[in-house]
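These notes are about the structure you will find just below.
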Amino acid sequence: MSLLQKPDPRRLELISGAFYLGLISLSIQVSYARLAVGFAGGNEVYLSLFFFFWLFFTSTGAFFIKKVNPSRLFLILAFLTPVSALVFFLSPRIAGIIPGQLIPPFIYTITIIITLLPICLINGGLFSSIASNIKGSGRSGRTYWGEAFGALIGGVITTIYYVSGGRDYSFLIFIAFVCLIAFIRTKASIKAIVFIACIMLLVFGAGDPLENLLLKIRFRPYIFLKSVSGRLVRYDSIKTKRITSLYSGGIKIADFPDEITGQELFYWPYLVKPDMSNIALVRAESHMVDRFIPSHIKRLYIYPERSWRELIKPEYLPSDDNCQVNDPVVFFRETRDRFDAIILNLGPLLSLYDYRLETRRFFGFCKDKLTGDGVLSVSVSAYDGLWCDDLKQRLVSIYNILKDNFINVYFIPGQKITFICGDNIDIALTSEELINRYNTLQIDSPYFNPALIRSRTNPFKTNQVQAQLNQPVRMTGPLSIGYGLSYYFSQFGFKYNLKRIINLPVLTIITVIILFLILMSSGFHGKKFLQLLNIFYFGVTSFILEIIVLFYTQLLGGYLYIALGIILGLFMIGMALGAFLGTHYNKHPVLPKNKYNGSLVACVLFVLLSGLLLLTPGREWILLMIVTMAGFAGGLGFTSSSKPFDTKPGLPYAVDLGGAMIGTLAGLAILISALPFRSVFYIICLLGVVLFATNRWARK
1 MSLLQKPDPR RLELISGAFY LGLISLSIQV SYARLAVGFA GGNEVYLSLF FFFWLFFTST
61 GAFFIKKVNP SRLFLILAFL TPVSALVFFL SPRIAGIIPG QLIPPFIYTI TIIITLLPIC
121 LINGGLFSSI ASNIKGSGRS GRTYWGEAFG ALIGGVITTI YYVSGGRDYS FLIFIAFVCL
181 IAFIRTKASI KAIVFIACIM LLVFGAGDPL ENLLLKIRFR PYIFLKSVSG RLVRYDSIKT
241 KRITSLYSGG IKIADFPDEI TGQELFYWPY LVKPDMSNIA LVRAESHMVD RFIPSHIKRL
301 YIYPERSWRE LIKPEYLPSD DNCQVNDPVV FFRETRDRFD AIILNLGPLL SLYDYRLETR
361 RFFGFCKDKL TGDGVLSVSV SAYDGLWCDD LKQRLVSIYN ILKDNFINVY FIPGQKITFI
421 CGDNIDIALT SEELINRYNT LQIDSPYFNP ALIRSRTNPF KTNQVQAQLN QPVRMTGPLS
481 IGYGLSYYFS QFGFKYNLKR IINLPVLTII TVIILFLILM SSGFHGKKFL QLLNIFYFGV
541 TSFILEIIVL FYTQLLGGYL YIALGIILGL FMIGMALGAF LGTHYNKHPV LPKNKYNGSL
601 VACVLFVLLS GLLLLTPGRE WILLMIVTMA GFAGGLGFTS SSKPFDTKPG LPYAVDLGGA
661 MIGTLAGLAI LISALPFRSV FYIICLLGVV LFATNRWARK
């Protein structure tokens, strides 16, 4: 007779429930984050707010929804997953926001609350309900690592799907069917049939026609043409009269044709270096400049990705010989070609994706790919006259970086200020010199003419611009784009209220309130309070590390919204391993027994990882290692500290998510320059050392 106990089918069902919860939760989180950011124009501020509300509502659900049948909650989630997503498409229309208009923060916030509230309450309730039904000790920890392993699988699936060009609504329908599989409690054959059906729906893009219909409603009265998935979540092409416009997340990024802007983009560097024979153009597409470039000049247009080109009419596209479909940062880092001129057209600074093209790193790549007397032309959106502080900070930062890289840096004022840079520029950019060269080159343009040259280069304007560029500005951290976002939000009629809302005093007050609630929840019991304090610190720190890795991924590679699933999945698999070790540590016959050891190890890991991020890592694999180890430390610390709360498994989970909420706000504060980047990690290291010492003392 076998001595092995028969597996408890109820326990196996609950373990699979935790796995389904992780897979479904992360998949919904990734798809909803893409929809939320795409609806708001690819802005990382809005991504941070999305995570904040996701964590807040999930922790609320974990705290208040307990001991509900998980199958019923999965059924409700199957219905809500595709239905709630409709709000992202319909809310701009309901609010009267026309296509191309920026999404105001309050409209975004209302949309996020309406969309996430029911989803996240069910999500948090599922964790508490599954954990409450598990027998034995360490219920929260076991549910935690089961959920984390499912999240890893969800991260892999979402990454493969979006790398393949999949679209959001089809994936949400797929997740709804996965929820039904979790709901079904019959034979495995029924689940297999449902699984095959949902795979077929995903492969054939069952949700694509519905998403196209929603986009047609969103873009009225314009004619919606086509939509594709891409680096910036989604690209849409719209037609009005004779103009075809390209949108990304509801914000217009190009018109076809657009020749007025193109003339200034090309002619200024052409006047400075008329003997150019090989040029590269970034964000200065062929429909803008191609017909102005003399035929003997070889030109290379760099598009961010192939899906971008799929929306453009063939007559607006260059030949394949004149086109490079690659990320500009990657292209200039790896190409062996050398160019007489590189022409870069910068738009508004709305995200880290935009910021990548105005960093010291990128300008260094460009300089390395110029010939000895080559020139770099950088055009930046500005306006004639005095600049506001936020715009000034951006332009001065760009100007100072260019001066550090090039011997000669000149500028042409205008609605777009154009910086002309090189090490061997042989012409003074005065009206007389430029007009003489204009006449020599026999440029024939009714727009770009001697009158325009005199207007752009008159001494009053140049002196005014030079005086502003010479003013000192406060340098921000490597991930801070607050000046660009401030200029963005100022267009809604208020002066950057985010800095008034999200800053050090406000974060301190919120933290004190949460700590007081934790103290009350522990019943004013010293050691229980310490365990909850550990969990809170682990939640804060792990999510700060996670969101900073997300920001760095966007800054270095520009593919955050494609790789979002695998990054979150690696974070969760780290949590799974940490939670598994924390759950089974004291059961191992060899390891020294102490319930505080996991917390000590987690504190040490968080201090080391914070120090590593202070070194500003420049490789993606380092970032993936950091996010995995951050998850490991968080999972280990959570399970090691949550064991005294088996009768209330939702309490430590809610405290953990509450800490993650503070981490989200801290990451957002770094992004908008409200908190210094380095100071945040110095504080994390200091608190980690203090907690380590406190936990060591508590062992005695």
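Oh and the sequence shown: position 184 is 184 in our numbering, straight run, nothing missing.
Cβ atoms here follow ideal geometry from the backbone N, Cα and C, with glycine treated the same way.
Exposed unless 16 or more other CB atoms sit within 10 angstroms - verdict on residue i
| i | result |
| --- | --- |
| Q442 | exposed |
| T628 | buried |
| F681 | buried |
| I193 | exposed |
| N458 | exposed |
| Q466 | exposed |
| V512 | exposed |
| Q471 | exposed |
| C120 | buried |
| C388 | exposed |
| D368 | exposed |
| R231 | buried |
| F204 | exposed |
| R218 | buried |
First through last residue of the beta strand (DSSP E) which encompasses residue i
| i | result |
| --- | --- |
| T278 | Residue identity differs from the one stated: residue 278 is Asn in this sequence, not Thr. Its beta strand (DSSP E) spans residues N278 to V282. |
| Y247 | I243 to S248 |
| F292 | That residue, F292, is in no beta strand (DSSP E); it is neither H nor E in DSSP. |
| Q324 | C323 to V325 |
| G230 | I223 to G230 |
| V68 | No beta strand (DSSP E) holds V68; DSSP gives it neither H nor E. |
| K239 | V233 to T240 |
| V87 | First-last for V87: L86 to I94, but that is the alpha helix (DSSP H), not the beta strand (DSSP E). |
| F411 | N408 to I412 |
Run of the alpha helix (DSSP H) containing residue i, from where it starts to where it stops
| i | result |
| --- | --- |
| D208 | D208 to F219 |
| K643 | Where K643 is concerned, there is no enclosing alpha helix (DSSP H), given that its DSSP letter is neither H nor E. |
| F174 | D168 to F183 |
| Y383 | Looking at the DSSP string, Y383 is not in any alpha helix (DSSP H), and its letter there is neither H nor E. |
| I193 | A188 to V203 |
| V465 | P459 to L469 |
| P274 | Run containing P274: none; DSSP gives neither H nor E here. |
| S132 | P105 to S132 |
Residue i versus residue j - alpha carbon distance
| i | j | result |
| --- | --- | --- |
| S27 | M575 | 17 Å |
| I76 | L624 | 34 Å |
| I626 | L609 | 6 Å |
| K298 | T335 | 16 Å |
| K495 | I481 | Residue placement at K495 is flagged as unreliable, the pLDDT there being 47, under the threshold of 50; the coordinate-derived value follows with that caveat. One C-alpha to the other measures close to 16 Å. |
| L152 | F580 | 14 Å |
| A284 | Y301 | 8 Å |
| R696 | L350 | 46 Å |
| V689 | I548 | 21 Å |
| F183 | I190 | 11 Å |
| V590 | G582 | Low confidence applies to V590: its pLDDT is 46, below 50, so where it sits in the model is not reliable enough to give any reading. |
| V30 | L352 | 18 Å |
| P592 | S599 | Unreliable placement is indicated for P592, whose pLDDT of 46 sits below 50; the coordinate value is still reported in the next sentence. Their Cα atoms are separated by approximately 14 Å. |
| Y399 | A451 | 26 Å |
| L73 | F331 | 48 Å |
| P269 | D337 | 19 Å |
| I502 | Y161 | 35 Å |
| V325 | V282 | 11 Å |
| D426 | I453 | 18 Å |
| Y561 | A40 | 14 Å |
| F127 | P105 | 31 Å |
| A428 | Y410 | 9 Å |
| G372 | D404 | 17 Å |
| K6 | A62 | Residue placement at K6 is poorly supported in this model, since its pLDDT is 45, which falls under 50; the coordinates still yield a value, given next. Roughly 32 Å separates the two Cα atoms. |
| Y20 | F171 | 16 Å |
Residue i beta carbon near the ligand ZN (any heavy atom closer than 8 Å)
| i | result |
| --- | --- |
| G165 | Because no ligand of any kind appears in the structure shown, any question about the ligand ZN cannot be addressed here. |
Exercise. Would the stretch 415 to 423 and the stretch 234 to 245 be scored as touching if the rule is three or more Cβ pairs under 8 Å?
Worked result: no
Problem set entry | the stretch 42 to 52 contacting the stretch 650 to 666, beta-carbon criterion three pairs below 8 Å | Judged by Cβ distances under 8 Å, the stretch 42 to 52 makes contact with the stretch 650 to 666, as three or more pairs qualify.
For this session: Kindly provide the ranges of any alpha helix (DSSP H) runs that are 4 or more residues long and lie completely inside the stretch 421 to 457, ordered along the chain.
Result: Runs of the alpha helix (DSSP H) inside the stretch 421 to 457: 431 to 441 and 450 to 457.
Exercise. Unbroken alpha helix (DSSP H) runs of length 4 or more, entirely within the stretch 309 to 381: which are they?
Worked result: 328 to 334, 352 to 355 and 360 to 368
For this session: Could you tell me whether the stretch 289 to 297 touches the stretch 272 to 280, using the rule of 3 or more Cβ pairs below 8 Å?
Result: yes
Exercise. At a cut of 8 Å, does the stretch 101 to 119 reach the stretch 73 to 91 through at least three beta carbon pairs?
Worked result: Because the criterion of three Cβ pairs below 8 Å is met, the stretch 101 to 119 and the stretch 73 to 91 touch.
For this session: Inspect the CB distances between the stretch 109 to 116 and the stretch 534 to 550 and report whether three or more fall short of 8 Å.
Result: With the cut-off at 8 Å, the stretch 109 to 116 and the stretch 534 to 550 do not touch.
Problem set entry | At least 3 beta-carbon pairs within less than 8 Å: the stretch 217 to 225 vs the stretch 373 to 385 | Look at the beta carbons and you see the stretch 217 to 225 not touching the stretch 373 to 385: under three pairs across the two are nearer than 8 Å.
Problem set entry | Touch test, the stretch 142 to 156 against the stretch 60 to 68, Cβ-Cβ under 8 Å, three pairs minimum | no
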